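Since the structure comes first, as structure tokens, the remarks are kept for the end.
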Amino acid sequence: MATYGYIRVSTLQQANDGDSLETQLKQIGSYSSLKGFEILSENFVTERGVSGSLEFEKRPEGSKLFEKLGSGDILIFSKLDRAFRNTRNALNTLHELKQRGVSVHFIDLGGDVTNDGIGSVIFTILSAFASFERERIATRIREVKQVQKADGKFLGGFTRFGFTVKEDKLIPNPEQQAIIKEMKGMRRRRMSLRRISKWLDRTHGVSMSHSTVSTLV
Numbered sequence: 328m329a330t331y332g333y334i335r336v337s338t339l340q341q342a343n344d345g346d347s348l349e350t351q352l353k354q355i356g357s358y359s360s361l362k363g364f365e366i367l368s369e370n371f372v373t374e375r376g377v378s379g380s381l382e383f384e385k386r387p388e389g390s391k392l393f394e395k396l397g398s399g400d401i402l403i404f405s406k407l408d409r410a411f412r413n414t415r416n417a418l419n420t421l422h423e424l425k426q427r428g429v430s431v432h433f434i435d436l437g438g439d440v441t442n443d444g445i446g447s448v449i450f451t452i453l454s455a456f457a458s459f460e461r462e463r464i465a466t467r468i469r470e471v472k473q474v475q476k477a478d479g480k481f482l483g484g485f486t487r488f489g490f491t492v493k494e495d496k497l498i499p500n501p502e503q504q505a506i507i508k509e510m511k512g513m514r515r516r517r518m519s520l521r522r523i524s525k526w527l528d529r530t531h532g533v534s535m536s537h538s539t540v541s542t543l544v
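If you're matching positions, the sequence shown starts at 328 in the numbering used here and goes up one per residue.
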């Protein structure tokens, strides 16, 4: 029978800064003292640089803790989103731990969500809401990127040959566009993609695979 505190930060920068880690540590420590739980320093489990979208039992440290927990143990989180972002995973994990006799506490939900009926209802509702909100944000980000792409805004990554980035927008590169025009002429004359690739390297010093050439001509 032991008490464990689980702490997670989603980015390596946060983990290195230590602020989020320290805050969660203090919250769990204070809550344990208030409830009369004895939590040893070695029973604080810290997950650094791990996204909340990864299921709890699949995280490097979370998986070890999940296997270790047994009857009479207490598991404390500072917030719901430190443990789960997916409703199904949240409910399945909580059910499994409850079956083992583990008490799960979320400080932001008021405490025990396994043995308290109201706490369990709140946990279910907020888990569903958190999952919905995450999907809503992801949809909004996709929509914004689509609008930015339609507006010609560069969204990062590889810059296609024939274009250059200026003021966060993709604009045609005159010199490269002229080369592409030559390449298209060669292709119309039935020159192979491999020959065009070799010509490009020999004449303009541009190394490009024949498969990439095919996307331009």
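No residue lacks a Cβ here, since even glycine has one placed at the ideal position from N, Cα and C.
Quick caveat: nothing in here was measured; it's all calculated off a predicted structure.
Beta-carbon proximity check, residue 599 vs residue 524, cutoff 7 Å:
Only positions 328 to 544 of the chain appear in the structure, and residue 599 is not among them; the question remains open.
Rounded to the nearest angstrom, what separates residue 502 and residue 508 at their Cα positions?
10 Å
Quick one: is residue 435 buried, meaning 16 or more other Cβ sit within 10 Å of its Cβ, or exposed?
exposed
Residue nearest to residue 332 in terms of C-alpha spacing, selected from 418, 396, 419, 505:
396
Whole runs of the alpha helix (DSSP H) within the segment 332-380, excluding any shorter than 4 residues
339-344, 346-362
Whose C-beta lies closer than 7 Å to the C-beta of residue 512 among residues of the same chain, with five residues either side of it excluded?
none
According to DSSP, simplified to helix, strand and coil, what is residue 397?
coil
Which of helix, strand or coil DSSP assigns to residue 481
Reliability of the predicted coordinates at residue 481 is poor, the pLDDT of 47 falling under 50, and no value is obtained from them.
State whether the segment 426-441 contacts the segment 385-404, with contact taken as three or more CB pairs (one from each stretch) at a distance under 8 Å.
yes
Do residue 336 and residue 375 have their CB atoms nearer than 7 Å?
yes
Roughly how many angstroms separate the alpha carbons of residue 390 and residue 359, rounded to a whole number?
23 Å
DSSP-derived helix/strand/coil call for residue 488
coil
Cutting at 7 Å between CB atoms, please list the residues of its own chain near residue 348, excluding the five before and the five after it.
334, 336, 342, 373
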